[in-house]
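A.B. asks: Take 13 as the starting number for the sequence shown in our numbering and just add one per residue. Glycine is no exception: its CB is placed at the ideal position from the N, C-alpha and C atoms. Would you mind keeping the following structure in view while I ask a few things?
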Amino acid sequence: MHSPALLLLRYALPLVIATLSVQHTSLSWQGKRVRLAVQIKTLNAIAEPLRESWPRQDGEVAPIGPFMAYPFGHPRTLLLLQPPQVATGGISVTEIQRDPNGAIKLKLNGVEHDDWVEWHPQNSRPHSFVGGLGDRHRLLMSAEIGSGWHLVRYDFHVASSIP
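What follows is the structure in structure tokens.
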């Protein structure tokens with residue numbers, strides 16, 4: 013027969029670990045949100061030239077540097093060759109998408125999550141989308157950070173349509 017302390021440990025420990033895991037994700041998300049919220053001026057400096065004139069081919073635009081534009085002919089995606097840093101903690105932009113509604117979506121580096129910081133015009137909100145390379149992004153969550161900007165997390169799959 014097991015002691016009550018051993019039984020408590022056996023059943024409570026997995027719950028404590030699960031709770032800490034969920035809290036860590038939430039704290040990490042809120043930390044990223046705060047770091048980006050104070051960088052709106054930097055984010056606008058990246059997005060504004062692209063809102064005014066979206067590139068039609070590979071090239072270079074200040075302050076994002078050199079990029080490759082996809083798909084050929086009518087690009088919606090810019091793959092950045094020298095990703096600019098946008099916040100502390102090594103947060104940089106690796107890709108930029110232009111949405112048909114005018115939104116500018118900046119993909120943040122990292123393989124842990126599919127996180128983006130997006131500028132949306134009035135009456136527009138983050139939503140699931142298929143990128144210029146056929147990459148499917150299903151909206152998981154988003155948080156406003158101010159001045160039309162949102163921190164957004166997607167579930168990423170390589171495919172050509174959204175269910």
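Hey, how far is the Cα of R139 from the Cα of S15?
C.D. replies: Note that residue 139 is His in the sequence shown, not Arg. Computed Cα separation, rounded: 52 angstroms.
A.B. asks: With distances taken between CB atoms, is the gap from Q51 to G77 smaller than 7 angstroms?
C.D. replies: Against a cut-off of 7 angstroms, the Cβ pair of G77 and Q51 comes out as no contact.
A.B. asks: CA-CA distance, R45 and A155?
C.D. replies: For R45 and A155, the distance between alpha carbons rounds to 8 angstroms.
A.B. asks: Taking the runs of the beta strand (DSSP E) that are 3 residues or longer, which of them lie wholly in the stretch 74-129?
C.D. replies: Within the stretch 74-129, the complete beta strand (DSSP E) runs of at least 3 residues are 77-82, 89-92, 97-99, 103-110, 116-120.
A.B. asks: Kindly indicate which residue of S136, G144, G160 has the alpha-carbon position closest to the one of N113.
C.D. replies: Minimum Cα distance to N113 is reached at S136.
A.B. asks: With distance defined between alpha-carbon atoms, name the residue in V98, Q109, W161 nearest to M80.
C.D. replies: Answer by Cα proximity: Q109.
A.B. asks: Let me check one thing: in DSSP terms, what residues is D167 bridge-paired to?
C.D. replies: Answer is R150, bridged to D167.
A.B. asks: Whole angstroms are fine: how far does the CA of E130 sit from the CA of S161?
C.D. replies: Sequence check: residue 161 is Trp here, not Ser. If you take the alpha carbons of W161 and E130, they lie about 5 angstroms apart.
A.B. asks: As a quick exercise: from W41, P133, P96, pick the residue whose alpha carbon is nearest that of L55.
C.D. replies: Comparing Cα positions, the closest option is P96.
A.B. asks: Residues in its own chain within less than 8 angstroms of H125 by CB, not counting five upstream and five downstream?
C.D. replies: Excluding residues within five positions, the ones whose Cβ falls inside 8 angstroms are R165.
A.B. asks: Per DSSP, what kind of secondary structure is L32 in: helix, strand or coil?
C.D. replies: Residue confidence is low: L32 scores 47 on pLDDT, short of 50, so the model does not pin down where it sits. Its coordinate-derived value is still stated next. Helix at L32.
A.B. asks: Taking just the CA atoms, how far does L48 sit from G101?
C.D. replies: In a straight line, the C-alpha of G101 is about 11 angstroms away from that of L48.
A.B. asks: Here's the rule: buried if 16 or more other CB atoms are within 10 angstroms of the residue's CB, otherwise exposed. What is G144?
C.D. replies: Buried.
A.B. asks: Taking DSSP's pairing of strands, which residues face E72 in a bridge?
C.D. replies: Its beta-bridge partners are P78.
A.B. asks: How is W131 classed by DSSP in three states: helix, strand or coil?
C.D. replies: DSSP places W131 in strand when its eight states are reduced to three.
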